[in-house]
Amino acid sequence: MSLKARIFQPAKNAMQSGRKGLGQWRLEYTPSSSRFADPLMGWTGSGDMGSQVSLTFDDKESAIAYCEENGIAYNVLEPRKRKLNIKTYADNFSFSRVRG
Numbered sequence: 001m002s003l004k005a006r007i008f009q010p011a012k013n014a015m016q017s018g019r020k021g022l023g024q025w026r027l028e029y030t031p032s033s034s035r036f037a038d039p040l041m042g043w044t045g046s047g048d049m050g051s052q053v054s055l056t057f058d059d060k061e062s063a064i065a066y067c068e069e070n071g072i073a074y075n076v077l078e079p080r081k082r083k084l085n086i087k088t089y090a091d092n093f094s095f096s097r098v099r100g
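In structure tokens, the structure reads:
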């Protein structure tokens with residue numbers, strides 16, 4: 001069985017207002033088997049142990065080096081840059097504002 005991993009920068013969740021900890025990179029293994037529903041309880045299960053492992057690195061190069069040292073095939077997903085639309089409070093009352 002050959003392991004495959006994806007390396008990415010996780011986005012902040014909806015309950016998070018700050019940007020602390022967003023510079024870290026995460027390595028997660030891609031699932032090698034599909035999930036199944038347990039017939040008794042109805043819970044979702046999987047025989048894939050790699051889906052339970054998630055590693056965190058300070059930078060992308062460290063995560064790539066880890067994969068290359070351990071012979072893990074990897075795919076790097078580059079993060080999308082955030083577009084800031086900076087406005088002032090006075091822009092709410094400007095004449096150029098579209099009014100409906």
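Heads up: the sequence shown is residues 1 to 100, going by the UniProt record's numbering. Note that CB positions come from ideal geometry on N, CA and C, so glycine has one too.
- Secondary structure at residue 45: strand, using DSSP grouped into helix, strand and coil.
- Going by beta carbons, residue 38 and residue 45 fall inside the 8 angstroms limit.
- Residue pairing by DSSP places residue 54 opposite 28 in a beta bridge.
- Around the beta carbon of residue 22, a 10 Å sphere encloses fewer than 16 other beta carbons of the protein chains shown; the residue is thus reported as exposed.
- Residue burial annotation: residue 89 is exposed, with fewer than 16 other C-beta atoms found within 10 angstroms of its C-beta.
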